[in-house]
Amino acid sequence: MARRSHRLFARWYPKAAESIEDRGLGAQRARLLAGLSGRVLEVGCGHGANFTHYPEAVTDLVAVEPEEALRDLAAARAEELGRKAVVLEGQAEKLSFENDSFDAVVATLVLCSVEDQGRALAEIHRVLKPGGRLVLLEHVASANRNIRALEYLFDVVFWSHVFGGCHTSRDTGANLAAAGFDTSGLEPQRLPFLPYPLKVSPHLAGEARKPA
Ligand SMILES: C[S@@+](CC[C@H](N)C(=O)[O-])C[C@H]1O[C@@H](n2cnc3c(N)ncnc32)[C@H](O)[C@@H]1O
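Numbering (UniProt numbering) for the sequence shown: 1 to 212.
Structure below.
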């Protein structure tokens, strides 16, 4: 599946993200990742902002990222942190890993941007071990139908094109359930430190489990 590259976004994102790490995003990342252990896959790792927060109990860290510039920064960050991580070119929609091969998958601010969310979730489900968890932090569509329609329009005419394929109108919670995940470990969140329009978007944070 050929993916449209977002090179400008890839150059802009690391600086923009770093500017809000200390305002709350870093703390969110640390809380989310604290309980992880074993073999972990991070999809869409960007410039590797999560790497500093993985606990020692994560013995095998593999990350996939489609944008070359971000992949290079992520590999450099892992080296800087002295963390053994394998950073690979890849897309969440077609993961080159065996079935049932990861204890956990991590996706932060990524499921909004994958081109085919249904396929990405099916792939993540496939590579997770039974009982494994998808740990995520994602902004999702408004529960209000009228606002959701506006979000959809906003995505189509503007937002997706300028913000690296991001969508504000995705019902990720429902799509996770449709993909076979137990979503009872996900909680609604507001992340007021994000820029508009994400500042006012509902978010989901926590873990979605593949049933054992
Ligand atoms: C908003 S950034 C988030 C980066 C990082 N996860 C973080 O928390 O800072 C979205 C990321 O998703 C990546 N991405 C976009 N489409 C993807 C796909 N199909 N599969 C995997 N990653 C993808 C982008 O290249 C980018 O790194």
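Backbone N, C-alpha and C define an ideal beta-carbon position, used for all residues, glycine too.
Only buried fits residue 78, as 16 or more other CB atoms lie within 10 angstroms of its CB.
Per the coordinates, the alpha-carbon of residue 128 lies some 29 Å from the alpha-carbon of residue 198.
Beta-carbon to beta-carbon, residue 155 and residue 168 are separated by about 6 Å, close enough to satisfy the 8 Å threshold. According to the DSSP assignment, residue 5 belongs to no alpha helix (DSSP H), since it is labelled neither H nor E. Closer than 8 Å to some heavy atom of ligand 1: that does not describe the Cβ of residue 168. In this structure, residue 14 sits away from residue 44, with a CB-CB distance that is not shorter than 9 Å.
Between ligand 1 and residue 189, a heavy atom-to-CB distance of less than 8 Å is absent.
Runs of beta strand (DSSP E) with 3 or more residues, each lying fully within the UniProt domain "Methyltransferase type 11" (41 to 136), are found at 58 to 64, 85 to 88, 102 to 108, listed in chain order.
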